[in-house]
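Chemist: Can you keep this structure in mind? I'll have questions shortly.
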Amino acid sequence: MSAPTSPSSEAPDATLDLPTVEEELWSAPEDAESERFRPSRAGWFARGALWAVLAWFVLAFPVNFLSPFTLGVSDVSAASEAAIFAIVGLSLNVLLGYAGQISLGHQAFVGIGAFTSAYVVVNLDLAFWFAVAVASTLGLVQAAVLGAISLRLTGLYFALVTLAFGSFAQQTIFAIPKLTGGEGGKEAPRPALFDSDYRYYFLCLAFLAVVLFLDWRLTRSKAGRALMALRENPRVASSYGINVKAYTLIAFAVSGLFAGLAGALMAHHDEVIVAQKFGFNLALLFVLMTVVGGLRSRSGVVIGSAFFALLGSGHLLELLEPLTTNVFRFSLHDFLTGTIGLPIEFVALVVGPILLLLTITKYPGGIGQQIAPIREWMLGHRFDIHAGKVKEVEVDDVRA
Amino acid sequence: MSVLEIDDVSIHFGGVKALQHIALRVGEWEIVGIIGPNGAGKTTLFNCITGFYTPTSGTVRYRGKDISNLPVHARTALGLGRTFQNVGLVKNGTVLENLRTAQHLQVGYEPVSGILGAPSTFSEERRVTERAGQILELMNLEDIAHERVTDLPYGMQKRAEIAAVLATDPDVLLLDEPGSGMGPEEADELGDLLLTLRKDFALTIVMIDHHVPLVTRISDYVYCLNFGEVLAEGAPDAVRNHPEVVRAYLGEETV
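From first to last, the protein sequence lines are chains A and B. To convert, note that position 331 of the first sequence is 331 in our numbering; the numbers rise steadily by one, no gaps. To convert, note that position 81 of the second sequence is 1081 in our numbering; the numbers rise steadily by one, no gaps.
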């Protein structure tokens, strides 16, 4: 039967939304496939081997366990930062990816979490765990307040409000010396058990695992489905009985919770947290890493965030240095910092936009799209080079 | 008692009087047809009933309760299920996902327990999938359960949309041009389907359609709208042959 396309005279919806891979959220539920592909024994072995390498890379390599390489303390510290950035990326993914709301003030969410946690530990002399809980809760509350504003403003106007919120927080809240310690920064000691950088790394990983779990359940439950529906078409969502406003607020709350948590971890990671850190640059970096990572793709966002964290701290270049100098007889590090004269902390802000451009124009699914074939294969599916390919979607407004 | 009672509803957009003093009654288990030329205000009336628009004046009552100021989702919760003129589905999702999403109000856990991954949510999710499967089977749509809505032909999308509305567990089905783009045979099938659904789900149906033969065949009562006013109402055949209705459709010069 031939298919006349649905009549749509209206202009496409102007929400801030990028077309991306949907596979992780809209994939068929567990028991859906009747004739399932089962990998052979060798197939399972190969998959297991790759999982083992991945586990080694995340769990053992940074802490010099079962590893031919020797990394310094600063390297494991950078790895912790990568894990923290991944939490921030997932936080932004909830807003940008699921709810379709942009935040250009996410550095303030994280910053407020950071200073809250430091304040609770230092000034109130309370336990680290309690401080993390307070920071997360405060993150949730302030995000929900901002969310309430988003119900009145949409798209670009809301983006401007978040931008203003970010600079406002920087100029006012982060300028209170009692809270932020002024120029010198605020102390944020770690609990005794996690004082070593190696242990702190595993603490960050554990929190990242919790966030990944919550995010997974979010997308596989009622709330996630509601968000998917309301992002694409609020009118259809509400006629399905979804309270669009309430669920938008839930998205903000979850995002704020993750951001507050990431902030607390960041404060105690740095041990002395300075207000200057939370400038607009950071907000931009957060958006870059999330979009380049691939909206709505958990694995993509985690990799993208870690990539930008390591790029920003210079560790990625250092890691690549042996490879580039030995194989290509070319030092990327010297090229960027010497020949071009680009300070290492700005590399991410130069590389980022280039990758962003590439993502928006050619690979809207970001890193998540690139790794989809391997991810699907590792999860026990048949290898398919086209897995995660972005499907063209015509989002036409329902005429209500 | 009427299920749906529209009392003196008017809505103005600036100077445009889209609806003027509309009165409409829908009884239990009735099928009520709404016909009228393009721009007569039929969809606007639906939007007033389902809550997308708030009438400038007048009231909308559901089983005697004034629902004029309730938001859309609350009216869905009361039992108003609605389809859209150009397919009200989440088009990025599969048919199955749409049916799962449409069961939003029947999902027996709070959003927070879902996010926290409480054990009961897993079994509840399975139940939601099962229920979606049942509805798909009933509508003969099992084969396309895993197809993305955009990839489906228009007629299938229309059918899937009815399935999704059924998943919201409605008492009243408000169908906005369910027969658009269908030939006479398909329209006939649609008519049979609606009659079956009314019986199986104990539904009251209000439908807008241009297929006058379809509307007259299955409706118990028909309203004809023109320029935002009720032009004629009554038994299907009476409305069909009403001189004003004939004139509205064919113009003044009719013989």
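For every residue, glycine included, the Cβ atom is placed at its ideal position computed from N, Cα and C.
Is it buried or exposed for R382(A), if we count other Cβ within 10 angstroms and need 16 for buried?
Modeler: Numbered from its first residue, the first sequence carries residue 382(A) at position 382. Answer is exposed; the Cβ neighbour count stays below 16.
Chemist: For V1016(B) versus T1050(B), is the C-beta spacing smaller than 8 angstroms?
Modeler: In the second sequence, counting from the first residue as 1, residue 1016(B) sits at position 16. In the second sequence, counting from the first residue as 1, residue 1050(B) sits at position 50. No; because the gap between Cβ atoms is not below 8 angstroms, this pair is not in contact.
Chemist: Q1020(B) by DSSP, collapsed to three states: which one?
Modeler: Counted from its first residue, the second sequence places residue 1020(B) at position 20. If DSSP states are grouped into helix, strand and coil, Q1020(B) belongs with the strands.
Chemist: State the CB to CB distance for the pair I1205(B) and I1031(B), rounded to an integer number of angstroms; the pair is presumed to be in contact (CB under 8 angstroms).
Modeler: In the second sequence, residue 1205(B) corresponds to position 205, counting from 1. In the second sequence, residue 1031(B) corresponds to position 31, counting from 1. Right, the Cβ-Cβ distance comes to about 5 angstroms (below 8 angstroms), so this counts as a contact.
Chemist: Note down the Cα distance separating A223(A) from I1144(B), rounded to an integer number of angstroms.
Modeler: By one-based count along the first sequence, residue 223(A) stands at place 223. By one-based count along the second sequence, residue 1144(B) stands at place 144. Near 25 angstroms, if we compare the C-alpha coordinates of I1144(B) and A223(A).
Chemist: Could you tell me which residues DSSP pairs with C1224(B) in its beta bridges?
Modeler: Numbered from 1 along the second sequence, position 224 holds the residue referred to as residue 1224(B). Answer is I1035(B) and A1232(B).
Chemist: Measure from the C-beta of A387(A) to each C-beta in chain B and report whether the shortest distance is under 8 angstroms.
Modeler: Position 387 of the first sequence, counted from the start, is the residue given in the question as residue 387(A). Cβ-Cβ to chain B under 8 angstroms: no for A387(A).
Chemist: Label D75(A) either buried or exposed according to how many other C-beta atoms from any shown protein chain fall within 10 Å of its C-beta, with 16 as the threshold for buried.
Modeler: Looking up residue 75(A) in the first sequence gives position 75. Buried, because 16 or more other Cβ atoms sit within 10 Å of the Cβ of D75(A).
Chemist: Thinking C-alpha only, which one of H1210(B), L1099(B), L1174(B) and V1128(B) is nearest L1194(B)?
Modeler: Taking the second sequence and counting its residues from 1, one reaches residue 1194(B) at position 194. Out of H1210(B), L1099(B), L1174(B) and V1128(B), L1174(B) has the C-alpha closest to the C-alpha of L1194(B).
Chemist: Using the beta-carbon of each residue, which ones in chain B are nearer than 7 angstroms to F61(A)?
Modeler: Here residue 61(A) corresponds to residue number 61 of the first sequence, with the count starting at 1. Neighbours of F61(A) on chain B: none; closest Cβ ~29 angstroms, over 7 angstroms.
Chemist: DSSP three-state label for Y1154(B), please.
Modeler: Numbered from its first residue, the second sequence carries residue 1154(B) at position 154. Three-state DSSP puts Y1154(B) in a helix.
Chemist: Just to make sure I have the definition right: I need the residues of chain B whose C-beta is within less than 9 angstroms of the C-beta of E232(A). Which are they?
Modeler: Mapped onto the first sequence, residue 232(A) falls at position 232. Those within 9 angstroms of E232(A) in chain B are V1090, K1091, N1092 and G1093.
Chemist: Establish whether the CB of Y1109(B) and some CB of chain A are separated by less than 8 angstroms.
Modeler: In the second sequence, the residue the question calls residue 1109(B) occupies position 109. Y1109(B) counts as touching chain A.
Chemist: Are there three or more Cβ pairs, one per stretch, closer than 8 angstroms when the stretch 218–238 of chain A is compared with the stretch 1082–1089 of chain B?
Modeler: The count of Cβ pairs closer than 8 angstroms, one atom from the stretch 218–238 of chain A and one from the stretch 1082–1089 of chain B, reaches three, so the stretches are in contact.
Chemist: Please specify which runs of the alpha helix (DSSP H), each continuous and at least 4 residues long, are wholly inside the stretch 92–168 of chain A, giving them in chain order.
Modeler: 106–122 and 128–150
Chemist: Note the first and the last residue of the continuous beta strand (DSSP E) segment covering V1206(B).
Modeler: Counted from its first residue, the second sequence places residue 1206(B) at position 206. Counting along the chain, the beta strand (DSSP E) containing V1206(B) begins and ends at T1204 to I1208.
Chemist: Does the distance from the C-beta atom of Y1221(B) to that of A1235(B) stay below 8 angstroms?
Modeler: Here residue 1221(B) refers to the residue found at position 221 when the second sequence is read from its first residue. Here residue 1235(B) refers to the residue found at position 235 when the second sequence is read from its first residue. Yes. Within cutoff.
Chemist: Under 7 angstroms between beta-carbons, which chain B residues line up against A223(A)? List them in chain order, please.
Modeler: Looking up residue 223(A) in the first sequence gives position 223. Neighbours of A223(A) on chain B, chain order: P1111, G1114 and I1115.
Chemist: With 9 angstroms as the C-beta to C-beta threshold (strictly closer), list the residues of the stretch 365–382 of chain A near chain B in chain order.
Modeler: none
Chemist: Are the beta-carbon atoms of V88(A) and S331(A) separated by less than 8 angstroms?
Modeler: Sequence index remark: in the first sequence, residue 88(A) carries index 88 (1-based). Sequence index remark: in the first sequence, residue 331(A) carries index 331 (1-based). No.
Chemist: Quick test of the definition: if touching needs 3 or more C-beta pairs under 8 angstroms, does the stretch 211–229 of chain A touch the stretch 1120–1131 of chain B?
Modeler: yes
Chemist: In this structure, how does DSSP classify I1006(B) when only helix, strand and coil are distinguished?
Modeler: Along the second sequence, one-based indexing puts residue 1006(B) at 6. Note: I1006(B) maps to strand in three-state DSSP.
Chemist: For K1065(B), which of helix, strand or coil comes out of DSSP?
Modeler: Looking up residue 1065(B) in the second sequence gives position 65. Three-state result, K1065(B): strand.
Chemist: Please state whether the Cβ-Cβ distance between L1099(B) and L1136(B) is less than 8 angstroms.
Modeler: Taking the second sequence and counting its residues from 1, the one referred to as residue 1099(B) is at position 99. Taking the second sequence and counting its residues from 1, the one referred to as residue 1136(B) is at position 136. Yes.
Chemist: Under a CB-based cut-off of 8 angstroms, is P29(A) close to chain B?
Modeler: Locating residue 29(A) in the first sequence gives position 29, where the first residue counts as 1. Legend: pLDDT at P29(A) = 48, less than 50; position of this residue unreliable, no value from coordinates given.
Chemist: How far does the alpha helix (DSSP H) with R1082(B) in it extend, from its first residue to its last?
Modeler: Here residue 1082(B) refers to the residue found at position 82 when the second sequence is read from its first residue. It is not in any alpha helix (DSSP H) - R1082(B) instead sits in the beta strand (DSSP E) that spans L1080 to R1082.
Chemist: Where in the stretch 165–250 of chain A do unbroken runs of the beta strand (DSSP E), each at least 3 residues long, occur, reported from the N-terminal end onward?
Modeler: none
Chemist: In three-state terms, what does DSSP make of G1058(B)?
Modeler: Counting from one through the second sequence, the residue named residue 1058(B) turns up at place 58. Strand at G1058(B).
Chemist: May I ask you to list the residues that DSSP assigns as paired with A282(A)?
Modeler: Residue mapping note: residue 282(A) aligns to position 282 of the first sequence, counting from 1. Reading off the sequence shown, one finds Leu at residue 282(A), where the question assumed Ala. According to DSSP, which records beta bridges pairwise, L282(A) is partnered with nothing at all.
Chemist: Going by DSSP in three states, F69(A) sits in which element: helix, strand or coil?
Modeler: Stepping through the first sequence from its first residue, residue 69(A) is reached at position 69. Three-state DSSP puts F69(A) in coil, outside helix and strand.
Chemist: I want to know whether the stretch 108–122 of chain A touches the stretch 313–327 of chain A - three or more CB-CB distances under 8 angstroms.
Modeler: no
Chemist: Within the 8 angstroms Cβ cut-off, does V1009(B) reach chain A?
Modeler: The sequence position of residue 1009(B) within the second sequence is 9, counting from 1. No - not a single Cβ of chain A is within 8 angstroms of the one on V1009(B).
Chemist: Look up I273(A) in the DSSP assignment and give the residues it is bridged to.
Modeler: Residue 273(A) sits at position 273 when you count from the first residue of the first sequence. Answer is K186(A), bridged to I273(A).
Chemist: Go ahead and pull the three-state DSSP assignment for L379(A).
Modeler: Within the first sequence, the letter at position 379 stands for residue 379(A). Assignment of L379(A) by DSSP, reduced to helix, strand and coil, places it in the coil class.
Chemist: Report back the beta-carbon spacing between F1084(B) and D1169(B) to the nearest angstrom; my notes put them in contact at under 8 angstroms.
Modeler: Reading the second sequence from its first residue, position 84 is the one you call residue 1084(B). Reading the second sequence from its first residue, position 169 is the one you call residue 1169(B). At roughly 18 angstroms, the Cβ-Cβ gap does not stay under 8 angstroms, so F1084(B) and D1169(B) are not in contact.
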